[in-house]
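Undergrad: Sequential numbering of the sequence shown, starting at 362, is according to the numbering used here. Please read through the structure below; I'll follow up with questions.
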Amino acid sequence: MKKKKPNKIVDFFAEKGFYIILILCIAAIGISGYVLFFSNPYDNDNDLDLGDNKLGDVLKNDSSPAPTPYEVELQTEIPDYAVRDTEVVMADDEDPIIDDDSVNVIDEDEGKPESVMAEVGNLGDEKGSDAGLTSSISTTDYDTAPVTASFFVWPVNGEIIERFSVDELVFSDTLGDWRVHTGIDIAAGLGTQVCAMGDGKVEDIYTDELMGVTVVIDHGNSVKSVYRNLMDNVVVKVGDTVYAGDVIGGVGQTADNELLDPPHLHLEVIRNGAQIDPCDLLP
């Protein structure tokens, strides 16, 4: 039998093959790491094409400094107070021309302006004229400004059981005589809420010997409303600002000269110092 000739190359790889594969793997890892570490991620060949410009060029050429926090604040802040003194020049048959060079801004440190003045000159005259138009807008302290009623509402819902009468005498069941009736009596149960008939300020609260607990409201424009025969515990005080429909108290039975009448609110209205029929103002 013939002996097989040994193959040295095969034997070599059989004995050393594992180490050779291990060395090749280590070399491959090293080459990959070198390529990744030393390659330029911003290489111009990889730039995103933005028309004629590349993203890398745009980023490299943008030398604008980033705004500081102080600059950002100035860019976004809006001044609280600014007054513009604008000169308006109007030629014949032409629209007004505003001269922006005359716009001035008052420094906030100089205080808040209490009034704003706008001067308009040279109107309707090419050469100008001595006559000018001046308008003034003044600030108003609304906390101390008088409240004026623009409309009125019924203070209670009910039937009028005694009407206003100052020209003719009416008979009083309680007093047993004939006399004028300076208001209207609106039937309402005891404790029924009584509302202000309009915006205004409470001028007076007192107890009248004949008409009982009384509240007076000043509505401005020389108009006042008077609510009589109320309960003792009114819910407003002198100086309070009230609005149409606000509760001021409740229907009581404190008017001695109307004790025999059904429970009601006695309502009076005074305009320019004279008694008038409340129905003239109520809807």
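Don't be surprised by glycine CBs; every beta carbon is placed ideally from N, CA and C. Owing to the predicted nature of the structure, the values given are computational and were not obtained by experimental measurement.
Between residue 607 and residue 535, what straight-line distance do the alpha-carbon atoms span, to the nearest angstrom?
TA: Those two C-alpha atoms are separated by around 31 Å.
Undergrad: Within the chosen definition, does the region 516-529 reach the region 561-577 through at least 3 CB pairs nearer than 8 Å?
TA: Contact fails: fewer than three Cβ-Cβ distances are below 8 Å.
Undergrad: In whole angstroms, give me the CA-to-CA distance for residue 641 and residue 530.
TA: Computed Cα separation, rounded: 20 Å.
Undergrad: Give the DSSP bridge partners of residue 523, in chain order.
TA: For residue 523, which the question treats as bridged, DSSP gives the partners 546.
Undergrad: Go through its chain and collect everything with a Cβ distance to residue 435's Cβ below 7 Å, but skip five positions before and after it.
TA: Reliability of the predicted coordinates at residue 435 is poor, the pLDDT of 41 falling under 50, and the value obtained from them is presented with this limitation in mind. There are no such residues.
Undergrad: Which class does residue 389 belong to by DSSP, given the choice of helix, strand or coil?
TA: Helix at residue 389.
Undergrad: Residue range of the beta strand (DSSP E) that residue 586 falls in?
TA: That run of the beta strand (DSSP E) goes 584-591.
Undergrad: If residue 560 and residue 604 are in contact, beta carbons under 8 Å, what's the gap, nearest whole angstrom?
TA: Between residue 604 and residue 560 the Cβ distance is about 5 Å, and since that is below 8 Å, they are a contact.
Undergrad: When the distance is taken between beta carbons, is residue 620 closer than 8 Å to residue 558?
TA: No, these two residues do not count as a Cβ contact at 8 Å.
Undergrad: Which of the three DSSP states is assigned to residue 567 in this structure?
TA: Strand, per DSSP.
Undergrad: Helix, strand or coil for residue 383, going by three-state DSSP, please let me know.
TA: DSSP places residue 383 in helix when its eight states are reduced to three.
Undergrad: If the criterion is Cβ atoms closer than 8 Å, does the pair residue 555 and residue 609 meet it?
TA: Yes, the pair counts as a contact, with Cβ atoms nearer than the cut-off.
Undergrad: Name the one or two DSSP bridge partners that residue 538 has.
TA: Per DSSP, 533.
Undergrad: For residue 591, count the other beta carbons within 10 Å of its own beta carbon; 16 or more makes it buried, fewer makes it exposed. Which is it?
TA: Answer is buried; the Cβ neighbour count reaches 16.
Undergrad: Among residues of its own chain, excluding the 5 on either side of residue 594, which ones have a beta-carbon nearer than 8 Å to its beta-carbon?
TA: The residues are 610, 611.
Undergrad: With a threshold of 16 other CB atoms inside 10 Å of the CB of residue 509, please say whether the residue is buried or exposed.
TA: Exposed, by the Cβ-count rule.
Undergrad: Is it right to say residue 586 is buried, meaning 16 or more other beta carbons lie within 10 angstroms of its own, or is it exposed?
TA: Buried.
Undergrad: Is residue 598 helix, strand or coil by DSSP?
TA: In this structure, residue 598 counts as coil in the three-state DSSP scheme.
Undergrad: Quick one: using the 10 Å Cβ neighbour count with 16 as the cut-off for buried, is residue 378 buried or exposed?
TA: By the 10 Å Cβ count, residue 378 comes out exposed.
Undergrad: Only counting the same chain, and skipping five residues up and downstream in sequence, which positions put a Cβ closer than 6 Å to that of residue 548?
TA: So the qualifying residues of the chain are 519, 520, 522, 623, 625.
Undergrad: Taking only the alpha-carbon atoms, compute the straight-line gap between residue 394 and residue 388 and give it to the nearest angstrom.
TA: Using only the alpha carbons, I get a separation of about 10 Å.
Undergrad: Are there 16 or more other CB atoms within 10 angstroms of the CB of residue 628, so buried, or fewer, so exposed?
TA: With 16 or more other Cβ atoms within 10 Å, it is buried.
Undergrad: Residue 539 to residue 578, Cα distance in whole Å?
TA: Distance between the alpha carbons of residue 539 and residue 578 is about 29 Å.
Undergrad: Taking Cβ to Cβ, would you say residue 572 is nearer than 8 Å to residue 635?
TA: No, Cβ-Cβ distance for residue 572 and residue 635 is not below 8 Å.
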